[in-house]
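Chains as they are written, first to last, in this note's numbering: chain A, 126 to 237; chain B, 2 to 119.
Cβ atoms here follow ideal geometry from the backbone N, Cα and C, with glycine treated the same way.
To start, the structure itself, in structure tokens.
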């Protein structure tokens, strides 16, 4: 079936390095993508989003890249900090409902 | 703190039982969403309500039902519970009903209810 998937289950980086978390999606009709961060014991928290008519969007220390040709989404975190340690999910919205379809998640571990 | 509250925080029950999970959305939000997070299935959308009406349905079992009340709080009812229903159940809320990039539609998640079925 259709899904939003993540390439790696765990990513370990050194504090201060840049992190890149990847996500693949299979539905070329998807028009909106979101990255969420989930810390232990908490609900998902919005990080950044991107529409399908864009290929890049920047936030504070985070950048999302969208490659529609290969149906690939990535989240780049600059100067990764210990507080960035969490599970990161990509999600997509299809159609005009708020139904979020989540990927499996990547655990980001930041080593001091 | 997202402004979305969920009760109870933890729930332990036995197979075959019925439980009710409660969600209070952020003030002013009309949409409520329910998601299930389990180790094997990840985060799965269950159902969405907007201003008291069901708007979208996902992978929600027939043993599960939900409703949104006039004061906009929502309840998720899980019956004939099975071991596999053990999971985290999240509620989210947004102002609007549709997906899309605007603050009107951003979903804010509650802290979740951890359900353990023994």
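Can you give me the C-alpha to C-alpha distance between residue i and residue j, rounded to a whole angstrom?
i: residue 151 of chain A; j: residue 200 of chain A; result: 18 Å
i: residue 231 of chain A; j: residue 213 of chain A; result: 5 Å
i: residue 175 of chain A; j: residue 106 of chain B; result: 13 Å
i: residue 19 of chain B; j: residue 50 of chain B; result: 21 Å
i: residue 117 of chain B; j: residue 88 of chain B; result: 7 Å
i: residue 15 of chain B; j: residue 7 of chain B; result: 21 Å
i: residue 217 of chain A; j: residue 191 of chain A; result: 12 Å
i: residue 160 of chain A; j: residue 171 of chain A; result: 6 Å
i: residue 140 of chain A; j: residue 75 of chain B; result: 41 Å
i: residue 177 of chain A; j: residue 40 of chain B; result: 30 Å
i: residue 203 of chain A; j: residue 215 of chain A; result: 18 Å
Quick one: what does DSSP say residue i is sitting in, helix, strand or coil?
i: residue 84 of chain B; result: helix
i: residue 174 of chain A; result: strand
i: residue 68 of chain B; result: strand
i: residue 208 of chain A; result: helix
i: residue 217 of chain A; result: strand
i: residue 61 of chain B; result: coil
i: residue 232 of chain A; result: strand
i: residue 93 of chain B; result: strand
i: residue 165 of chain A; result: coil
i: residue 222 of chain A; result: coil
i: residue 159 of chain A; result: strand
i: residue 184 of chain A; result: coil
i: residue 55 of chain B; result: strand
May I ask which residues mark the beginning and end of the beta strand (DSSP E) holding residue i?
i: residue 78 of chain B; result: 75-79
i: residue 192 of chain A; result: 187-192
i: residue 139 of chain A; result: 135-139
i: residue 147 of chain A; result: 144-150
i: residue 37 of chain B; result: 32-39
i: residue 201 of chain A; result: 197-202
Here's the rule: buried if 16 or more other CB atoms are within 10 angstroms of the residue's CB, otherwise exposed. What is residue i?
i: residue 94 of chain B; result: buried
i: residue 134 of chain A; result: exposed
i: residue 83 of chain B; result: exposed
i: residue 162 of chain A; result: buried
i: residue 5 of chain B; result: buried
i: residue 29 of chain B; result: exposed
i: residue 195 of chain A; result: exposed
Do residue i and residue j have their C-beta atoms within less than 8 Å of each other?
i: residue 223 of chain A; j: residue 91 of chain B; result: no
i: residue 70 of chain B; j: residue 3 of chain B; result: no
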